[in-house]
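Asker: Pasting a structure here, questions to come.
Numbering (the UniProt record's numbering), first residue to last: 1 to 202.
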């Protein structure tokens, strides 16, 4: 069987894309959110990104590693931002306001990545071992300290952390499903008041 001419063979091959990784990640996020991680395929991701499937495999072992990496990127950044906000000088009200502002800023800067993180918490948190710098542990530790020094009423820090985080995380969910208007930062004062009401409650 005669081989096809060299120009035809070359045309059939996709040229190696420059800056393929960001394109792959954005395409994957869109597919993961709209179709789900299980339904999306590496071929679809590559096609959406305008790169070869091989380009994807040069950066990631497969879609599961890619999805976990995208989740952890936001999860780790969120933990760092919250730690900085809650460790800063100022009153509790000011610290909570700074933490809420940081959370809203992260959402508004890249809502696609933020949305994937929020809707994937149940799936990927089991991969993240409990540690000192994850967002929930940071919140629990700060609340426990404030209960100990009398700033907050005594109670279960884990319950209070869950309730406080729920104020803003549920708002984020509603934003994803178009039930909350405007950028998340537009509502930061209301979120801050809600969280403080939870923290100061008996």
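Each residue gets a CB set at the ideal place from its N, CA and C atoms; glycine is no exception.
Note that the structure is a prediction, hence the values are computed from the model and not measured.
Keeping to the same chain, check which residues put their C-beta closer than 7 angstroms to that of residue 156; ignore five residues upstream and five downstream.
Answerer: none
Asker: Mind checking which residues open and close the alpha helix (DSSP H) that includes residue 80?
Answerer: 63 to 87
Asker: So, for residue 93: in the same chain, excluding its five sequence neighbours on each side, which residues have a beta-carbon less than 8 angstroms away from its beta-carbon?
Answerer: 192 and 196
Asker: For residue 53 and residue 42, I'd like the C-alpha separation in whole angstroms.
Answerer: Approximately 7 angstroms, taken between the alpha carbons.
Asker: Does the separation of the CB atoms of residue 39 and residue 32 fall below 7 angstroms?
Answerer: no
Asker: Below 8 angstroms, can you find three or more Cβ-Cβ pairs linking the segment 106 to 119 to the segment 64 to 76?
Answerer: yes
Asker: Quick check: what's the CA-CA separation for residue 80 versus residue 44?
Answerer: Taking the straight line joining both Cα atoms gives about 33 angstroms.
Asker: The alpha helix (DSSP H) that contains residue 186, what's its start and end?
Answerer: Here residue 186 belongs to no alpha helix (DSSP H), and DSSP marks it neither H nor E.
Asker: Do you know offhand how far residue 83's Cα is from residue 61's?
Answerer: Their backbone Cα atoms lie some 32 angstroms apart in a straight line.
Asker: Tell me which residues share the same chain as residue 90 and place their Cβ nearer than 8 angstroms to its Cβ, disregarding the 5 neighbours each side in the sequence.
Answerer: 98
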